[in-house]
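Asks: Supplied in structure tokens, the structure appears directly below.
Protein chains: 2
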Amino acid sequence: MERFAEVCELMHVHEDIIERVAGVMPPEDELFDLADFFRVFGDTTRIKILYVLGQSEMCVCDIAGLLGMGQSAISHQLRVLKQMRLVKYRKDGKAVFYALADAHIESILAQGMEHIRE
Amino acid sequence: MERFAEVCELMHVHEDIIERVAGVMPPEDELFDLADFFRVFGDTTRIKILYVLGQSEMCVCDIAGLLGMGQSAISHQLRVLKQMRLVKYRKDGKAVFYALADAHIESILAQGMEHIRE
DNA sequence: TCGTCATATGAACGTTTGCTCATATGATTA
DNA sequence: TAATCATATGAGCAAACGTTCATATGACGA
């Protein structure tokens, strides 16, 4: 295969593996979306937000107070979480209450926690 | 609570929620490690590497060929994956074969996939 | 209606990230 | 031993990210 030629000289060794694996790769954009999804979990502020929302729905101001951060920073991050459909919100007068979008998310967090304590 | 004073004026509204949630927050460094862990999944190249290693163990050169990327780029990313203990490796002569560190990882990937197709 | 409050948003800025290129390391073969 | 090959690594650079600051929006109460 020409596509491997520029990388290694000894391509014939594992050609069988490569052929087989190339056949079962999910489409490019699906893997991109997957990375995009996990990227959202890859920031301490957002992890904290998700964690506290796992305990209770909360307004922006509550979260900012709880995490000791500015309202703007939290609002920006909530937008990211909202875009990835990790949180939902309801408006109540001036306040906006955020909550986890579904139970899926806590389960992913829990699995991550499991892995880092081993 | 003084820590909330600079954020909002109307702090007394949800003080109860805040007190309760603050009591059950995991330690700062644990949440940091968790974000650190997920950050590794938050890149297309690394997701692809994890995906192909889920199919078969593979040497650096195989991965680079399969993904159509340079050997150096793959090697750099494998170091990140190694540091987070997501992959293990064995040496065989000049080649180094990488594999997923444990089954945990595929399960996390699968859960992510589930979420993005909904 | 005006002032106030909670939230959202845009620009700016410093930091982090991921790639490339060049080179180092370490093992194999001639 | 010298040449070759697979992998690792450091520097450099462009792009992406997360925070802050200033300001906009939109709802409530006086």
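Protein chains in written order, with this note's numbering: chain A, 1 to 118; chain B, 1001 to 1118.
For glycine and all other residues, C-beta sits at the position ideal for the given N, C-alpha and C.
(1) What whole-angstrom Cβ distance do V21/A and S1056/B have, given they're in contact under 8 Å?
(2) R39/A: buried (16+ other C-beta within 10 angstroms of its C-beta) or exposed?
(3) From which residue to which residue does the alpha helix (DSSP H) around V60/A run?
(4) Hey, V60/A and I74/A: beta-carbon distance below 9 Å or not?
(5) Between the beta-carbon of H104/A and the beta-carbon of E1114/B, is there less than 9 Å?
(6) Which first and last residues belong to the alpha helix (DSSP H) in which A1035/B is found?
(7) State buried or exposed for F1037/B, treating a residue as buried only when at least 16 other CB atoms are found within 10 Å of its CB.
(8) Suppose you measure from the CA of L1078/B to the CA of V1087/B; what does that come to, to the nearest Å?
(9) Measure the alpha-carbon distance for S1107/B versus L100/A and round it to whole angstroms.
(10) Skipping 5 residues on each side, what residues in its chain have a beta carbon closer than 6 Å to that of A64/A?
(11) Using a Cβ-Cβ cut-off of less than 8 Å, give me the residues of the region 1031-1045 of chain B that come near chain A, in sequence order.
(12) What does the Cβ neighbour count give for H14/A, buried or exposed, with the cut at 16 atoms within 10 Å?
Replies: The relevant details are as follows:
(1) 6 Å
(2) buried
(3) V60 to L67
(4) yes
(5) yes
(6) E1028 to F1041
(7) buried
(8) 8 Å
(9) 21 Å
(10) Q71 and I74
(11) L1031, F1032, D1033, L1034, A1035, D1036, F1037, F1038, R1039, V1040, F1041, G1042, D1043 and T1044
(12) The residue in question, H14/A, is buried, as its Cβ has 16 or more Cβ neighbours within 10 Å.
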